[in-house]
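Residue 137 in the UniProt record's numbering sits at position 137 of the sequence shown, with consecutive numbering throughout.
Glycine residues also receive a C-beta, built at the ideal position from the N, C-alpha and C atoms.
Every value quoted in this text rests on a predicted model; they were computed, and no experiment measured them.
Quick notes on the structure that follows.
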Amino acid sequence: MVNPTSCYLPLLMLSIVLYVLFIDHNTATTTSYNDEVPLIRQSCKATSVPDTCISVLEADSRSRSATDLKTLTRISMDIVYEEAIGLKLLFIKAEENVTDPVLKRNIKQCIDSFEDCINNMKNVGIPDFEKGNYREANIDVDVCVVCAGDCMDTGIKLFNREIVTLFDFSGDVLAFLNMLHS
């Protein structure tokens with residue numbers, strides 16, 4: 001007859017080893033993760049949509065390495081700029097297959113809106129920020145909020161989640177700029 005202890009003891013030991021490995025891995029990951037992003041979480045608490053702010057910034061490797069609010073804000077402005085480019089390209093691609101004239105007009109309005117945001121960020125907003133003119137940079141980022149809002153106002157349903165994220169996150173960047181300005 002097989003001794004029950006001889007079967008359970010190896011399973012118990014294996015369970016303990018796996019448990020210890022799992023706990024150590026999670027502890028290390030949590031510590032590393034929390035050490036990377038306290039600036040993001042603290043800064044995003046002061047924004048209008050903290051959940052969007054945190055999720056966008058924690059998903060971007062550049063922002064996880066930011067050491068101060070000024071650097072985090074500059075990276076955030078880059079993210080707004082890049083997201084506007086991405087949305088514009090999505091709408092250009094979607095426009096290729098549209099035959100409905102109303103939808104085509106709405107898509108064109110969104111393309112134009114995102115083009116305004118892109119040009120404003122590239123030619124005015126980011127240069128204003130680099131000069132330390134945070135009040136003007138704030139006005140320039142607000143153009144992107146308005147552009148995203150204009151696209152949403154068309155009633156278009158394409159890429160709605162992405163547009164709302166850009167709208168919300170651009171508003172969060174405004175809060176960062178206000179913190180730098182005050």
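Selection 41, 53 and 182 evaluated against residue 173 yields 53 as nearest (Cα-Cα). With contacts defined by Cβ atoms closer than 9 Å, residue 159 and residue 87 form a contacting pair. Taking one beta carbon from each stretch, the stretch 55 to 63 and the stretch 134 to 153 have fewer than 3 pairs nearer than 8 Å; the two do not touch. Runs of the alpha helix (DSSP H) lying entirely within the stretch 64 to 137, each at least 4 residues long, are 69 to 95, 101 to 120 and 126 to 130 in chain order. Measuring C-alpha to C-alpha distances from residue 50 to each of 66, 132, 169 and 157 identifies 169 as the nearest.
Here DSSP, grouped into helix, strand and coil, assigns residue 155 to coil. Residue state for residue 148 is assigned as helix, using DSSP reduced to three classes. Rounded to whole angstroms, the separation of the alpha carbons of residue 165 and residue 77 is 14 Å.
A direct Cα-to-Cα measurement between residue 149 and residue 63 gives close to 25 Å. Pairing residue 106 with residue 154 gives a Cβ-Cβ distance under 9 Å.
Pairing residue 180 with residue 47 gives a Cβ-Cβ distance that is not under 9 Å.
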